[in-house]
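This report concerns only the one structure given below.
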Amino acid sequence: MSGGTSTPSTSITPITATTHFPIKVTASNFPVWRKQIQSTLIGLDLDKFINGSLAPPAQSIDTKTGKKNPAFLSWYRQDQLILGAILSSCTDTIQPIVSSANTAREAWERLTSSYASASHSRIISLKTKLTKNPKGNRSVTEFLHDMQSIFDALALAQSPIDDKDLQVHILNNWGMSSTLSVRETPLSFSKLFDMLVDCEQQLHDKARTSDPVIATAHYTQRQSGNQFRSSTRSNQNGQSRNTRGTWSNHNNNHHNGGNRSSRTTTYCHFCNIPGHDTRDCRKLARFLKENNITIDQPPVMSAPQTAPVVNATSSQPT
Numbered sequence: 024m025s026g027g028t029s030t031p032s033t034s035i036t037p038i039t040a041t042t043h044f045p046i047k048v049t050a051s052n053f054p055v056w057r058k059q060i061q062s063t064l065i066g067l068d069l070d071k072f073i074n075g076s077l078a079p080p081a082q083s084i085d086t087k088t089g090k091k092n093p094a095f096l097s098w099y100r101q102d103q104l105i106l107g108a109i110l111s112s113c114t115d116t117i118q119p120i121v122s123s124a125n126t127a128r129e130a131w132e133r134l135t136s137s138y139a140s141a142s143h144s145r146i147i148s149l150k151t152k153l154t155k156n157p158k159g160n161r162s163v164t165e166f167l168h169d170m171q172s173i174f175d176a177l178a179l180a181q182s183p184i185d186d187k188d189l190q191v192h193i194l195n196n197w198g199m200s201s202t203l204s205v206r207e208t209p210l211s212f213s214k215l216f217d218m219l220v221d222c223e224q225q226l227h228d229k230a231r232t233s234d235p236v237i238a239t240a241h242y243t244q245r246q247s248g249n250q251f252r253s254s255t256r257s258n259q260n261g262q263s264r265n266t267r268g269t270w271s272n273h274n275n276n277h278h279n280g281g282n283r284s285s286r287t288t289t290y291c292h293f294c295n296i297p298g299h300d301t302r303d304c305r306k307l308a309r310f311l312k313e314n315n316i317t318i319d320q321p322p323v324m325s326a327p328q329t330a331p332v333v334n335a336t337s338s339q340p341t
């Protein structure tokens, strides 16, 4: 035999791409595909057919008679099964690279040399994405799963990074790097995951607690508007029943003019008290201050505004 380090077994292990190599190799997933091939062949104790640790036996045991070597026949049959499985696990665009290979090792070396540079470029791309992958508007779970997938892809590309480095990248992309720097003991990824999810939940809870206050202000304004409309309708009905009643007096005051007419026509939509408008209402100012609500001032217009906007649309009298 030629200088082989071991003698192959005479038994043949069936191997197919469908069963053992379901992931087809492409130009972008070579690290994953390579890991699949290596792991499967190691598990079947067949990795020596691609790593060069087993040289093929001599083809014949007697050069004079040309009698075939049984060990070579067993090796050759097993090698061709592996070669066929590798060929079947390649996509149509990659199959020409290995179609003329005579052994599994030759096919393996062709693929490795063809896509080694592509794998290096992918590693650089993954590491760049790991450092520049801001959370943005994504949820904590979505963001962390994306970071973990990059971490796993680097490991499959034979370029793993340390867990501590992953945590640093996560916190930097979140803008919380100072949180980790003050800790003496490092966090595990699972604890960091739980901590960030809990932080997100607390922020959501805090945001929800402010909603009822805003809703209360909106409801109060609506109620004020409804009461004002009801009062207006009552005055209108009173006019139809008694032309000499309050409505007539109000009309007389309006025709008389003067400062008194100006005061009665100004009406607060929040407290329902005439004589001032909503922007000068002390009750509204106190309510906003106690509940930490800010007023969105309306833009300056040529015509006077009836009321400021308090994070809601004020109801106007009809």
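Reading the sequence shown from the start, the letters are residues 24 to 341 in the working numbering. Using N, Cα and C, we set each Cβ at its ideal position, and we do this for glycine too. None of the values given here were measured: they were computed from a predicted structure.
Annotated three-state conformation of K91 is strand, per DSSP. The region 57-76 and the region 123-132 touch, with no fewer than 3 CB-CB distances between them shorter than 8 Å. In the three-state DSSP reduction, C222 falls in the helix class (H, G or I).
Taking all protein chains shown into account, I296 has fewer than 16 neighbouring C-beta atoms within 10 Å of its C-beta and is therefore exposed. Across the structure, Q181 and I65 are spaced so that their CA atoms are roughly 17 Å apart. Per DSSP, the continuous alpha helix (DSSP H) segment holding I60 begins and ends at F53 to G66. Three or more beta-carbon pairs drawn from the region 111-120 and the region 42-58 are found closer than 8 Å, and the two stretches are therefore classed as touching.
Membership of I84 in the beta strand (DSSP E) is indicated by the continuous run S83 to D85.
The three-state secondary structure of P119, taken from DSSP, is helix. Residue environment for R145: buried (at least 16 other C-beta atoms within 10 angstroms of its C-beta). For D68, the closest alpha carbon among the candidates S211, E223, I105 and W197 is that of I105. Counted as a single uninterrupted DSSP element, the alpha helix (DSSP H) harbouring I173 occupies residues V163 to L179. Within its own chain, the residues whose Cβ lies closer than 7 Å to the Cβ of A40, once the five positions on either side in sequence are excluded, are A108, S111 and S112, listed in chain order. Nearest Cα to H192 within the set N160, Q225 and K152: K152.
For I173, same chain residues with a beta-carbon under 8 Å away, outside a window of 5 residues either side, are L149, K152, L153 and N156 in chain order. Rounded to whole angstroms, L215 and A127 show a C-alpha spacing of 44 Å. Around the beta carbon of H43, a 10 Å sphere encloses 16 or more other beta carbons of the protein chains shown; the residue is thus reported as buried.
For H43, the uninterrupted alpha helix (DSSP H) segment begins and ends at A40 to H43. Taking the C-beta atoms as reference points, K71 is found no nearer than 8 Å to Q82. Residue range D186 to W197 is occupied by the alpha helix (DSSP H) that includes H192. Contact between L189 and M218 is ruled out by a C-beta separation of about 14 Å, above the 8 Å threshold. Taking a 10 Å sphere around the C-beta of D303, we find fewer than 16 other C-beta atoms and assign the residue as exposed. Approximately 6 Å separates the beta-carbon atoms of I120 and S137; this is inside 8 Å, confirming the contact. Closest option to N160, judged by alpha-carbon separation, among R231, W197, Q103 and K306: W197. Distance check between E223 and each of Q103, I46 and V163 places V163 closest, using alpha-carbon atoms only.
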